[in-house]
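Student: Let me give you the structure first, and then I'll get to my questions.
Protein chains: 2
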Amino acid sequence: MEKKPARHTRERIAACALALFNAHGAAAVTPVAIALEIGISPGNLHYHFHNKGELVGELLSRYEAEIAPLLEAASLSDDVEDLWQFAHRLFDTLARYRFLFRDLNALMADYPAIAPRLKRLIARKEDAARRALAGLSQSGQLVADEAARGMLAVNLSLIGTCWLAYDEARSGTAANAPARGASQMMLAAAPWLTSDAGARLARLSRDALARPGQRG
Amino acid sequence: MEKKPARHTRERIAACALALFNAHGAAAVTPVAIALEIGISPGNLHYHFHNKGELVGELLSRYEAEIAPLLEAASLSDDVEDLWQFAHRLFDTLARYRFLFRDLNALMADYPAIAPRLKRLIARKEDAARRALAGLSQSGQLVADEAARGMLAVNLSLIGTCWLAYDEARSGTAANAPARGASQMMLAAAPWLTSDAGARLARLSRDALARPGQRG
Chain A
1 MEKKPARHTR ERIAACALAL FNAHGAAAVT PVAIALEIGI SPGNLHYHFH
51 NKGELVGELL SRYEAEIAPL LEAASLSDDV EDLWQFAHRL FDTLARYRFL
101 FRDLNALMAD YPAIAPRLKR LIARKEDAAR RALAGLSQSG QLVADEAARG
151 MLAVNLSLIG TCWLAYDEAR SGTAANAPAR GASQMMLAAA PWLTSDAGAR
201 LARLSRDALA RPGQRG
Chain B
1 MEKKPARHTR ERIAACALAL FNAHGAAAVT PVAIALEIGI SPGNLHYHFH
51 NKGELVGELL SRYEAEIAPL LEAASLSDDV EDLWQFAHRL FDTLARYRFL
101 FRDLNALMAD YPAIAPRLKR LIARKEDAAR RALAGLSQSG QLVADEAARG
151 MLAVNLSLIG TCWLAYDEAR SGTAANAPAR GASQMMLAAA PWLTSDAGAR
201 LARLSRDALA RPGQRG
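Which chain is which? The protein sequence lines are A and B, in order.
Residues 1 to 216, numbered by full-length UniProt numbering, are exactly what the first sequence covers, in order.
Residues 1 to 216, numbered by full-length UniProt numbering, are exactly what the second sequence covers, in order.
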């Protein structure tokens with residue numbers, strides 16, 4: 001009989017931790033609860049992750065790996081269709097790691113080792129938004145000076161960081177939250193667009209809303 | 001010798017709890033820490049507030065009492081100057097009770113009794129924004145149909161709920177955060193305004209930024 005590979009157990013722990021953290025917040029979930037959920041001993045879990053901070057760090061690494069190419073592509077964008085696609089992909093990724101930005105300051109206080117990484121992620125999000133807006137401005141699809149683009153980038157990043165937490169607090173449901181978040185983000189950018197780019201964005205929005213559950 | 005009035009002790013407890021909750025988040029502060037801080041026994045604190053949930057509830061009541069007339073006035077507004085004043089007052093109040101929206105979902109999960117009240121507060125914030133935008137639209141200072149105004153109201157409420165938490169996470173400082181939050185909120189509304197109303201808002205903004213530490 002083959003021995004179960006350690007890699008497999010590590011994966012199961014990470015997947016289970018992610019699901020439980022997303023459902024209840026990282027603060028409310030103990031390593032013992034994770035071990036119980038997947039039917040291993042707390043000692044076995046401890047062999048793979050010495051504490052909850054290591055688990056949070058591992059999941060943050062996965063989020064960073066997924067979000068980095070997305071932010072890179074967004075910052076090179078000069079078209080409104082790219083912005084639309086970006087918003088949807090961003091919120092899909094955010095939803096899969098929603099615990100990271102659910103109680104952001106508590107998470108940073110509880111795990112000081114990962115706080116600078118979360119801070120850097122937000123800065124990179126703002127930077128990607130700023131560059132995308134500069135691209136749209138250069139290609140004549142957006143009318144806003146650099147100061148306004150800077151503040152708009154902060155609002156876009158705020159929506160792209162806090163939407164899921166805000167929406168959960170107000171509606172108590174996660175249903176369709178990523179798509180609604182993407183729409184709220186596009187609404188923030190829309191009035192700065194020239195009429196042609198704005199009309200294209202409105203069409204994408206309308207088409208997406210006409211097909212609930214799907215993406216444009 | 002006069003006996004110290006119970007009312008006075010209750011006030012000291014509430015003020016100290018607010019300061020500690022704001023600094024560290026409600027989850028990180030124990031009743032014993034509050035009692036120690038103001039030099040009373042845990043038993044005396046327990047006489048006034050039976051648990052942390054009661055303390056959080058009392059502070060939430062104070063926030064509700066301060067924010068209610070503000071939201072009422074905002075929803076009756078039909079002028080851009082009112083909107084500007086509202087944003088500044090909102091963020092000043094938020095800053096004094098910042099723990100309430102710092103780790104919002106964790107707070108709602110930790111104190112289920114106050115969760116519906118926080119949810120209702122967010123709904124009232126969105127409603128006030130929606131009515132203010134309808135007023136600006138009727139007086140010809142804002143151009144947006146009802147659907148766009150509804151989504152913009154959600155973005156304004158999102159900024160007016162999450163800004164301090166977001167800004168703390170990205171900058172690590174609370175310095176001038178309310179004024180910056182008010183500016184971010186106004187930036188969200190600005191492009192929807194007619195050129196005259198927009199110019200007046202831009203002038204208010206410029207004047208305020210030229211007098212750092214003061215308000216316009």
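Just so it is clear, CB atoms sit at the ideal spot from N, CA and C, and this is done for glycine as well.
Starting from the beta carbon of B/W163, find every residue of chain A whose beta carbon is closer than 8 Å, and list them in chain order.
Tutor: Within chain A, the residues near B/W163 are L158.
Student: Quick one: measure Cβ to Cβ for B/A109 and A/G25, integer angstroms, because I've assumed they're closer than 8 Å.
Tutor: Contact holds; Cβ gap of about 6 Å.
Student: Under the DSSP definition of a beta bridge, which residues are partnered with A/L193?
Tutor: According to DSSP, which records beta bridges pairwise, A/L193 is partnered with A/L142.
Student: Using 8 Å as the limit for Cβ to Cβ distance, is A/V80 near chain B?
Tutor: No, A/V80 lies away from the interface with chain B (no Cβ there is under 8 Å from its Cβ).
Student: Give the straight-line distance between the Cα atoms of A/N155 and A/G53, rounded to the nearest whole angstrom.
Tutor: Going from the Cα of A/N155 to the Cα of A/G53 covers about 30 Å.
Student: So what does DSSP say about B/P5, is it helix, strand or coil?
Tutor: Here B/P5 sits in coil by DSSP.
Student: Is there a Cβ of chain A sitting closer than 8 Å to that of B/S122, yes or no?
Tutor: Checking the displayed sequence, the identity of residue 122 of chain B turns out to be Ile instead of Ser. For B/I122, the answer is yes, since a Cβ of chain A falls inside 8 Å of its Cβ.
Student: So which residues on chain B does A/V154 lean against when the C-beta distance must stay under 7 Å?
Tutor: Q184, listed in chain order.
Student: Taking C-beta pairs closer than 7 Å, name the residues in chain B that A/Y166 reaches, listed in chain order.
Tutor: Going along chain B in sequence order, the residues near A/Y166 (Cβ under 7 Å) are L158, T161, C162.
Student: Output yes or no for whether 8 Å exceeds the beta carbon distance between B/I122 and A/A169.
Tutor: In contact: B/I122 and A/A169 (Cβ atoms closer than 8 Å).
Student: Tell me the rounded alpha-carbon separation between B/L36 and B/L107.
Tutor: Rounded to whole angstroms, B/L36 to B/L107 spans 23 Å at the Cα level.
Student: Are the CB atoms of B/L45 and B/I13 within a distance shorter than 8 Å?
Tutor: Yes; because the gap between Cβ atoms is below 8 Å, this pair is in contact.
Student: Go through the region 167-191 of chain B residue by residue and report every complete run of the alpha helix (DSSP H) that reaches 4 residues or more, in order.
Tutor: Segments of the alpha helix (DSSP H) lying fully in the region 167-191 of chain B: 177-189.
Student: For a cutoff of 8 Å on Cβ pairs, would you count B/N51 as touching chain A?
Tutor: Judged by the 8 Å Cβ criterion, B/N51 is not in contact with chain A.
Student: If the criterion is Cβ atoms closer than 8 Å, does the pair B/V152 and A/C162 meet it?
Tutor: One detail in the question is off: residue 152 of chain B reads as Leu in this sequence, not Val. For B/L152 and A/C162, no; Cβs fall outside 8 Å.
Student: Since A/N105 meets chain B, which of its residues come closer than 8 Å, beta carbon to beta carbon?
Tutor: Per Cβ cutoff of 8 Å: G25, R102, D103, A165, E168, A169.
Student: Between A/D78 and the rest of its own chain, which residues show a CB-CB distance below 7 Å, the 5 nearest in sequence each way excluded?
Tutor: Cβ neighbours of A/D78 beyond the five flanking positions: G135, L136, Q138, S139.
Student: For the candidate residues B/D207, B/L142, B/F21, B/G160, whose alpha-carbon lies nearest to that of B/A128?
Tutor: Taking only the C-alpha atoms, the option nearest B/A128 is B/G160.
Student: Taking any Cβ of chain A, which residues in the region 187-198 of chain B have a Cβ under 7 Å from it, in chain order?
Tutor: Within the region 187-198 of chain B, the qualifying residues are L187, A188, P191, W192.
Student: Taking only beta-carbon positions, decide if A/A33 is within less than 8 Å of chain B.
Tutor: Output row for A/A33: interface = no.
Student: Tell me whether the region 64-84 of chain B and the region 173-193 of chain B touch, counting them as touching only if at least three CB pairs, one residue from each stretch, are closer than 8 Å.
Tutor: Counting Cβ pairs under 8 Å, three or more are found: they touch.
Student: Quick check on this structure: which residue in A/A182, A/S61, A/F86 has the alpha carbon closest to the alpha carbon of A/L71?
Tutor: It is A/F86 whose Cα lies nearest to the Cα of A/L71.
Student: Secondary structure at A/I122, three-state DSSP: helix, strand or coil?
Tutor: Looking at A/I122 - three-state DSSP - the assignment turns out to be helix.
Student: Locate the alpha helix (DSSP H) running through B/V32, then write down its first and last residues.
Tutor: First-last of the alpha helix (DSSP H) with B/V32: 31-38.
Student: Answer with buried or exposed for B/R98, where buried requires no fewer than 16 other C-beta atoms within 10 angstroms of its C-beta.
Tutor: Looking at its Cβ environment, which holds 16 or more other Cβ atoms inside 10 Å, B/R98 is buried.
Student: Taking buried to mean at least 16 other C-beta atoms within 10 Å of its own C-beta, is A/G172 buried or exposed?
Tutor: Result: exposed.
Student: Using 8 Å as the limit for Cβ to Cβ distance, is A/A148 near chain B?
Tutor: By this cut-off, A/A148 is an interface position.
Student: Can you tell which of A/I38, A/R62, A/T30 has its C-alpha closest to the C-alpha of A/C16?
Tutor: Among A/I38, A/R62, A/T30, the Cα nearest to that of A/C16 is on A/I38.
Student: Under 8 Å Cβ-Cβ, which residues of chain B neighbour A/L118?
Tutor: Going along chain B in sequence order, the residues near A/L118 (Cβ under 8 Å) are A169.
Student: Give a yes or no on whether the minimum CB-CB distance between B/A28 and chain A is below 8 Å.
Tutor: Answer yes: the Cβ-Cβ gap between B/A28 and chain A drops below 8 Å somewhere.
Student: Alpha carbon to alpha carbon, how far is A/R215 from A/N176?
Tutor: Residue confidence for A/R215 is low, a pLDDT of 44 falling below 50, so the modelled location carries little weight; the figure read from the coordinates is stated next. A/R215 and A/N176: Cα-Cα distance of roughly 11 Å.
Student: Would you verify that the beta carbon of A/A73 is, or is not, closer than 8 Å to some beta carbon of chain B?
Tutor: False, the Cβ-Cβ gap to chain B never drops below 8 Å.
Student: So, is the C-beta of B/A17 closer than 8 Å to a C-beta in chain A?
Tutor: By this cut-off, B/A17 is not an interface position.
Student: Over what stretch of residues does the alpha helix (DSSP H) that includes B/L76 continue unbroken?
Tutor: Taken as a continuous stretch (DSSP letters only), B/L76 belongs to no alpha helix (DSSP H), as it is neither H nor E.
Student: Can B/A182 and B/F49 be called in contact, C-beta distance under 8 Å?
Tutor: No, the pair does not count as a contact, with Cβ atoms beyond the cut-off.
Student: Would you say B/A109 lies against chain A (beta-carbon separation less than 8 Å)?
Tutor: Chain A, which has a Cβ nearer than 8 Å to the Cβ of B/A109, makes this yes.
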